[in-house]
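Chains as they are written, first to last, in my numbering: chain A, 1 to 156; chain B, 157 to 560. Where is the CB? At the ideal position from N, CA and C, for every residue including glycine. Remember, predicted model here, so these are calculated numbers, not experimental data. All remarks here apply to the structure that follows.
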């Protein structure tokens, strides 16, 4: 009884995560001024979310595999970060965030939550695969944008 | 009065922002409470009952943990199994299930319990020395070679699963899965909150009146501005006719989402394209300095039109808005989304849609001597009333007509 209720709760919150992701999409992808705190907060939050999620859920993924997936996602994010549009405008640098990273992160978060409810250690571990990868994508995109901004120098 | 209007708008914005923060904080708090309740509900769930001498520990690997393990000279492994130190032999005995129902502990029922740890060369308590080994029978024929093909075929899958899960075979408990889902939602919500709060201070994309600048990009088709000359002596009667003149199928520029694209024309109006909708900025008109007003100039039919007139000596004649008031804009400061805060004194935000906002400067020194000029609103509340009326009008019907 309680287990089924908890499963329903998991499904509900997975859906909420998806809705939240879609809701965030419109504001997240708007062109914004380059903001250092926003970059660092995104990196920190995505990494912390991954760690906290793994600790809370109790799902286990091979550490080596997790690191490899994170690096693979990072390579993907590096390429995506290089193609993100950045341009100077009136003394500021305007950046348009990638919808890919947000969709990937939110979607994989919801997927991982759902996979946890299937009562299978393997499925729970597989659910962490996209989450590790999308975290790598998000971190790499932000780091790439940060490096590109540093290379742009002072904008007059 | 300008400052009063701005301060009022600013306060309204702060109030709205505070309300948003309170709502999000409330949501997060509710989610946290739900998570705590979830964990508590799961913790109160009846767990397995272990046989005497064993305690149920939910977070352990074995489940039923021997309670007197240390008294027997052993220690608990990382799975809380009772084991002996290296170099010692574990002496165990079967767990007595004669007075205990094994169904109570299910898969967590322990098979043996540790009774002592002894050196490897010593016997366990009560253990009899093994009988002397019998002499090996003579080997008559060689042992058959091991047939690897006959080994269990499920090995690869099992090893793959073992690799992926890192040796963990226990699925997440429903309570932990639910808690993880709640945590993920909270973290994502927090991220959203941080992004939204940061956006207010980082999203403003300003442009000057003469140069709503477009980020450099090649390969963008530039639509032509509609020619409005000759329309009722320079007055635009029906904005829909203007919108109809907009080039169809114009290629949109992704970068011009908030930085609208200006198409300058010597005598015609400036036309701007944005992601939200087409915006036609036909002209601007000056009113006495410090008479900041906000007029909603939203015209339906899928497009937005800001109608205004310039100085009589300029290219365009004055235009009266559907509300009967004159447009009070003389300089475009920025075009952005509703999160743009009025940071410049003498500027005002004009809503074109729930999202798109045009910020314009109203503090012109040149006075318009047009006969159609109407006095500005006496106080900010009147301006608010006008704005509200215009919004009501816009909600009432999409197709509006501009009276000359």
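Going by DSSP, residue 142 of chain A is part of the alpha helix (DSSP H) stretching over 121-152.
The contact set of residue 24 of chain A on chain B, defined by CB atoms closer than 8 Å, consists of 344, 347, 348 and 351 in chain order. Leaving aside the five residues that flank residue 216 of chain B on each side, the residues in its chain whose CB is nearer than 7 Å to its CB run, in chain order, 235 and 236.
Here residue 86 of chain A is bridged, per DSSP, to A:95. The Cβ of residue 326 of chain B sits closer than 8 Å to at least one Cβ of chain A. Listed in chain order, the non-local C-beta contacts of residue 247 of chain B below 8 Å within the same chain comprise 270, 271, 272, 273, 274, 280, 281 and 283, local neighbours out to five positions each way being set aside. Around the C-beta of residue 259 of chain B, fewer than 16 other C-beta atoms lie within 10 Å, and the residue is accordingly described as exposed.
The Cβ atoms of residue 59 of chain A and residue 127 of chain A sit closer than 8 Å to each other.
Residue 29 of chain A: not part of any alpha helix (DSSP H); DSSP gives it neither H nor E.
In terms of beta-carbon proximity, residue 81 of chain A stays away from the interface with chain B, with every pair separated by 8 Å or more.
Within the segment 11-41 of chain A, the residues whose Cβ lies closer than 9 Å to some Cβ of chain B are 11, 12, 13, 14, 16, 17, 20, 21, 23, 24, 26, 27, 28, 29, 30, 31, 32, 33, 34, 35, 37, 38 and 41, listed in chain order. Closest in C-alpha terms to residue 118 of chain A, from the list B:349, B:348, B:352 and B:328, comes B:328. Residues are counted here when their Cβ sits less than 7 Å from a Cβ of chain B; for the segment 102-123 of chain A these are 106, 109, 113, 116, 117, 119, 120, 121 and 122, given in chain order. The beta carbons of residue 45 of chain A and residue 136 of chain A sit about 14 Å from each other, so the pair does not count as a contact at 8 Å.
The C-beta distance from residue 29 of chain A to residue 113 of chain A rounds to 24 Å, too long to meet the 8 Å contact threshold. Boundaries of the alpha helix (DSSP H) around residue 55 of chain A: 36-57. Per DSSP, residue 276 of chain B lies in no beta strand (DSSP E) and is assigned neither H nor E. For residue 284 of chain B, there is no enclosing beta strand (DSSP E), as DSSP marks it with neither H nor E.
Setting aside the 5 residues that flank it on each side, residue 74 of chain A is surrounded in the same chain by 136, 137, 139 and 140, each with a C-beta closer than 8 Å to its C-beta; the list follows chain order. In terms of beta-carbon proximity, residue 332 of chain B lines the interface with chain A, with at least one pair separated by less than 8 Å.
Rounded to whole angstroms, the separation of the alpha carbons of residue 268 of chain B and residue 340 of chain B is 41 Å. Nearest C-alpha to residue 92 of chain A among A:32, A:9 and A:108: A:32.
Residue contact with chain B for residue 57 of chain A: present (Cβ-Cβ distance below 8 Å to some residue of chain B). The beta carbon of residue 146 of chain A sits closer than 6 Å to the beta carbons of 39 from its chain, once the five residues preceding and following it are set aside; these are given in chain order. Each residue's CA atom was taken as its position, placing residue 227 of chain B and residue 243 of chain B some 18 Å apart.
The Cβ atoms of residue 6 of chain A and residue 331 of chain B lie closer than 8 Å to each other. Within the same chain, Cβ atoms closer than 7 Å to the Cβ of residue 116 of chain A are found at 10, 57, 59, 124 and 127, the five residues on either side in sequence being excluded.
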